[in-house]
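Novice: Those protein sequence lines, which keep their order, are chains E and V.
At position 338 of the first sequence (counting the first as 1) the number is 337 in numbering that gives the first Met the number 0, and the numbers step up by one without a gap.
At position 19 of the second sequence (counting the first as 1) the number is 18 in numbering that gives the first Met the number 0, and the numbers step up by one without a gap.
By construction, the Cβ of each residue, glycine as well, lies at the ideal position given by its N, Cα and C atoms.
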Amino acid sequence: MKDIENLLTTFRDRLHGIQSLHDLEQLTIAYLGRQGVVNDHMQKLKDLAPDEKKEFGKRMNEAKKHIEIALQEKKSAIMARDESEHTVDITLPGTAYPRGSLHLVTYAVEEITRIFSRLGFIRVTYPEVEWEYFAFDSLNMPKNHPGRDDFETFFVNGAPDPNYGKMIMSPHTSSGQVREMMRVKQPPIRMISIGKCYRPNWSTKHVPMFHQFESLCVDRGINITNLKGTIDYFVKEFFGEHRETRLRPHHFQFTEPSFEVDITCDVCGGSGEIDGAKCKVCKQGWLELAGAGMVHPNVLKEGGINPDEYSGWAFAFGLERIMMMKEGLKLDDMRVLYSGDIRFLEQF
Amino acid sequence: MNIKITYKWLLDYLATDASAYELQKYLSLCGPSVETVEKVGDDYVLDIEITSNRVDMASVYGIAQEALAILPQFGKSAKIMLNPLDKYRLNFVTRELGAELPLHVKIENQHLVSRFTTVILDNVTVGPSPEFMKKRLEQCDVRSINNVVDISNYLMLSLGQPTHMFDYDKIGKATMILRESKQGEKITTLDGKEFELPGADIVIEDGDGNLIDLCGIMGGQNSAVTEDTKRVVLFVQTYDKVRIRRTSMTTGQRSMAATYFEKDLDEERVIPTLVYGLELLEHHANARQASPLQDIYPDPSPTKTVTISAAEIRKVMGVELEDDRIAMILENLGFEVKNFAGNYEITVPSWRKNDIALKEDIVEEVARVYGYHNLPNTIQPTVYVKQPKELDLLFHYQLKIKDLLKNVGLHEVMNYSMISKELIDTLGYSDQEHLFLTNTISEEIKYLRRSLLPSFVKIMKENEGRRENLKYFEIAKTYIPRKTGLPAEEFCLAIGVNTSFWDLKGILDLLIDELHIENVTVRNGTNPLFADNMQGEMVTGNKVLGTFGKLKPVYKDRVELTKDIYLAELAFTPFIEKAKLLPTYVPPIAYSVIKLDLTLQQSKNLGYAELEALAYKTSYLLRSVELIDRYNDKLTLRFYFGATDRNITEGDAKMELARINTLLKS
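(1) Quick one: list the residues of chain V neighbouring residue 124/E, beta-carbon separation under 7 Å, in chain order.
(2) Would residue 481/V be called buried (16 or more neighbouring beta carbons within 10 Å of its own) or exposed?
(3) Let's test the definition: count the other Cβ atoms within 10 Å of the Cβ of residue 276/V and tell me whether it reaches 16, buried, or not, exposed.
(4) Using a Cβ-Cβ cut-off of 9 Å, state whether residue 280/E counts as contacting chain V.
(5) Does DSSP put residue 139/E in a helix, a strand or coil?
(6) Is residue 121/E close to chain V, meaning its C-beta is less than 9 Å from at least one C-beta of that chain?
(7) Which ranges would you report for the alpha helix (DSSP H) in the stretch 357-429 of chain V if only whole runs of at least 4 residues count?
(8) In angstroms, rounded to a whole number, what distance separates the CA positions of residue 496/V and residue 103/E?
(9) Starting from residue 675/V, trace the beta strand (DSSP E) in both directions and tell me its first and last residue.
(10) The alpha helix (DSSP H) with residue 554/V in it runs from where to where?
(11) Enumerated in chain order, which unbroken segments of the beta strand (DSSP E) with a length of 3 residues or greater are wholly contained in the stretch 97-157 of chain E?
(12) Quick check on residue 571/V: buried or exposed, where buried means 16 or more other Cβ atoms within 10 Å of its Cβ?
(13) In the structure shown, what three-state DSSP assignment does residue 475/V receive?
(14) Looking at C-beta atoms only, is the number of pairs between the stretch 70-86 of chain V and the stretch 15-29 of chain V that lie closer than 8 Å three or more?
(15) Taking only the alpha-carbon atoms, compute the straight-line gap between residue 273/E and residue 8/V and give it to the nearest angstrom.
(16) Based on DSSP bridge pairs, tell me the residues matched to residue 1/V.
(17) If we define contact as Cβ-Cβ less than 9 Å, is residue 377/V a contact residue for chain E?
(18) Is residue 491/V close to chain E? Criterion is C-beta to C-beta, closer than 9 Å.
(19) Which word fits residue 131/V, buried or exposed, when buried means at least 16 other C-beta atoms lie within 10 angstroms of its C-beta?
(20) Extract the residue ranges of the beta strand (DSSP E) inside the stretch 220-288 of chain V, only unbroken runs of 3 or more that lie entirely within it.
(21) Is the beta carbon of residue 166/E closer than 9 Å to that of residue 128/E?
(22) Which runs of the alpha helix (DSSP H) spanning at least 4 residues fall entirely within the stretch 436-466 of chain V, listed in chain order?
(23) Could one say the Cβ of residue 150/E lies closer than 9 Å to chain V's Cβ atoms, at least one of them?
(24) Can you pull the chain V residues whose beta carbon is under 8 Å from the beta carbon of residue 309/E, in chain order?
(25) Assuming residue 121/E contacts residue 219/E (C-beta within less than 8 Å), just tell me the rounded distance between them.
(26) CB-CB under 8 Å to residue 278/E, same chain, minus the five flanking residues each way: which ones, in chain order?
(27) Does the beta-carbon distance from residue 261/V to residue 237/V come in below 9 Å?
(28) Using the C-alpha atoms, what's the distance from residue 484/V back to residue 374/E?
(29) Does the Cβ-Cβ distance between residue 341/E and residue 410/V come in under 9 Å?
(30) So which of 324/V, 322/V, 272/V, 361/V has the shortest CA-CA distance to residue 303/V?
(31) Could you name the residues of chain V that residue 154/E contacts, counting a contact when the two beta carbons are closer than 8 Å?
(32) Within 9 Å of any Cβ in chain E, is that where the Cβ of residue 29/V sits?
(33) Is residue 110/V buried or exposed, if buried means 16 or more other CB atoms sit within 10 Å of its CB?
(34) Which of the three DSSP states is assigned to residue 209/V in this structure?
(35) Comparing alpha-carbon positions, which option in 135/V, 215/V, 550/V lies nearest residue 59/V?
(36) Could you check whether the Cβ of residue 637/V sits closer than 9 Å to any Cβ belonging to chain E?
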């Protein structure tokens, strides 16, 4: 019986010195393992006198229980100590992962594509270097139209085409309208085209290369209310449910009627006033957003579509403009978009 | 163009109960956009945008005509109080003429001027303008000079027809020859600026051979009205708009008159303007008519009519609109409407003859005045339209690749599609091979890119030092000229880093892996932009997908880059043609796989790709090889051995490795 006392004393001494879960695990194996101290001690049972056997057995079981409990308590104590002592400064930064960026225009392109795909509109792309015919003549713009002159359009030195005229940089995505009509041959047309356009302007509000986003819908029975509905849907998806739109009369050669699309100002909430003073951003609560209209019958004819049978609407947004109008972006200089400045690009 | 008018000035012509702010709101919704209304003293100044097809609205009376149709739609009263087109007819002038002063007019080419009218006045007293005129002009941003000049501007703002006043006594031999200018002819305009004319401008020469007017733009200084002027020629014309715009743009002389004349003016408004001018000069400059009206108008425009049915109007508008309402809107706009059982025959007023020709034009008039805001929002029925597969893939993979590159730390850039000749020359390209803009506004953006890489050299130089590591990519079109037709526009993917060649190669390897493009090999390249010793081509089959390498030291030196830069360019479409959504599945080996490392001296004779190929050929137990370390010219490789049908031992693997090692060394 003295042995059991010694065994427990030794155990307590060893347990006392244990500081880690790993050492505790080793001690557990040393005492409770198959070939551990406790099992080893049990071997003595067979050498004892029968009257001693019962008492020894009982004492050994008590000792084993005692060891098990002590080990468990120690384990809990070490775990608790580890948690309380080893505090972590969770405000330190995590492991650095590389983080790149996408260009702002890419985000807008994807957003627009997503919004229009739900209405069954497909995305296409058309040439940036274009013939005058597709950019102007096919869009009902006569030869002497101011938009066609040197001050509004970049001309390219490539040889002119006998049928299509001079080579130019497309000043708008509308050049794709008749190309799309020729491609599908037969309506319905549900198209969006997002592309680079070029005009001779360079300032905070204009850059010589910019993006437009064009939409064209041609089918039987398309009317103005469809154009209104689609624009309203787009604006609410892109800018938010609280933004309202309106159409105002305007003039474009390739649409008739033509509209300018306005959206309520996000700065003054469409009231045109901030604390009683006039809102500096908008005109009486409204901001100009895009040009739109019903496709001119001459344009349909150029595309080989019978205007007596089909009608359509079209609109074009300046991509940079609608992006810069997104709430919270606060970007006011368009030139930085195409400057390649890493300090700008990396923010998005 | 924008014009400014005042509210009270408008009330001279229009009686209405609409306030200035109501006018702004209602006109903007249905007609011209009134951008601002500003209270000035006891009046309001309206700043109005006029679209290029509606120059007929660009005057106080023009706005009154619009308001007449629009205001009743909002329950506001509107009535024309004074119709200058009715009042200022020729028969309004019934004066007894004293002396008849002569003016000999010769028009060399009638295409230059569709209507040419003059009247001479004598006894002119040049002095300050009456207060009301001065105040209104200044409120509308027109500087008051003297009564004669001010009357000219007042007429333009009132009726939308520019006029000019010559000093009659400064016109040599009382003769005007209206002709095309010759290239290089010189004229000094009223504002003292001298111009050398491009040629084919509309000008007037007097009897002494002097140019006295740059027509439609500005009068000549030599015939200008001054304080001493006693006799004036009141001069009202309509010109060939194309020539006016051309002259105005090339001389940079964007006078207010030019912004009118470069659009289609109504010849029928010429006489009312002249007659009204006569009245104003008599009242406010003490002048006396001293010649009959001279009116050269050989080819009056015919009256136009358009036929349309009410049903057609309703169809495009998408709402039911009563016949009476349609007729009322059109009549208030000045159209004459004859209704034949729902079919309208509509006569277009002279001031709208250039912008109304088709049924659609009539629909627009009715719809806008009815109010687009009154139409419902109805999305059209959705139908299935097939997107061409190649476009679907193009856009899909663009985004996929952009996201991948972004997520490994690259920054997407968008550069201009045009570059400078200087950049082309610096990097050893030939400008002859590039298309260029013949009317660029900056030498920086003149030549259309054949490659995206020159732009990368430029921006990486500009951004060097802003960040230690620069990693850019761009997906954009290149423009390769063809013998005939439009250039080939091909999307390319370019990558540029200043970290290391292996960083660049790793990005390319990742791309190939992500898109599951199989059988890609690299071989030494010959791109002249890159250093001879550090460049390659990615090839699959016989197709070169792209090139990559270190910028050639001579170019690095020329652009003064401090760090080396590493560039890659891939043709986008061939690249994604090989892409797959999913790779072929390889089941994991069910038996033991033994990995063994081997450090090798790099060999000039045996490239890594060959080495790898040789290893696979040598041992059929070899499952894969990894490069785990490189140090100077030593490579540490990790070989994985295993059989598909049994467990192999470490001894088996070591024997395989020994065989490979022997072969590699031989």
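Specialist: Reading from the atomic positions:
(1) 390
(2) exposed
(3) buried
(4) no
(5) coil
(6) yes
(7) 358-369, 388-406, 420-425
(8) 21 Å
(9) Residue numbering for chain V in the displayed model covers 0 to 665; residue 675/V lies beyond these limits and cannot be assessed.
(10) 552-557
(11) 121-123, 128-130
(12) buried
(13) strand
(14) yes
(15) 31 Å
(16) 48/V
(17) yes
(18) no
(19) exposed
(20) 231-238
(21) yes
(22) 452-462
(23) yes
(24) What residue 309/E touches in chain V: nothing, since even the nearest Cβ is about 12 Å away.
(25) With 8 Å as the limit, residue 121/E and residue 219/E do not qualify as a contact, their Cβ atoms being about 19 Å apart.
(26) 264, 266, 267, 270, 271, 272, 284
(27) no
(28) Because residue 374/E is not part of the residues shown, which for chain E are 0 to 347, the question remains open.
(29) yes
(30) 361/V
(31) 436, 437, 438
(32) yes
(33) exposed
(34) coil
(35) 135/V
(36) no
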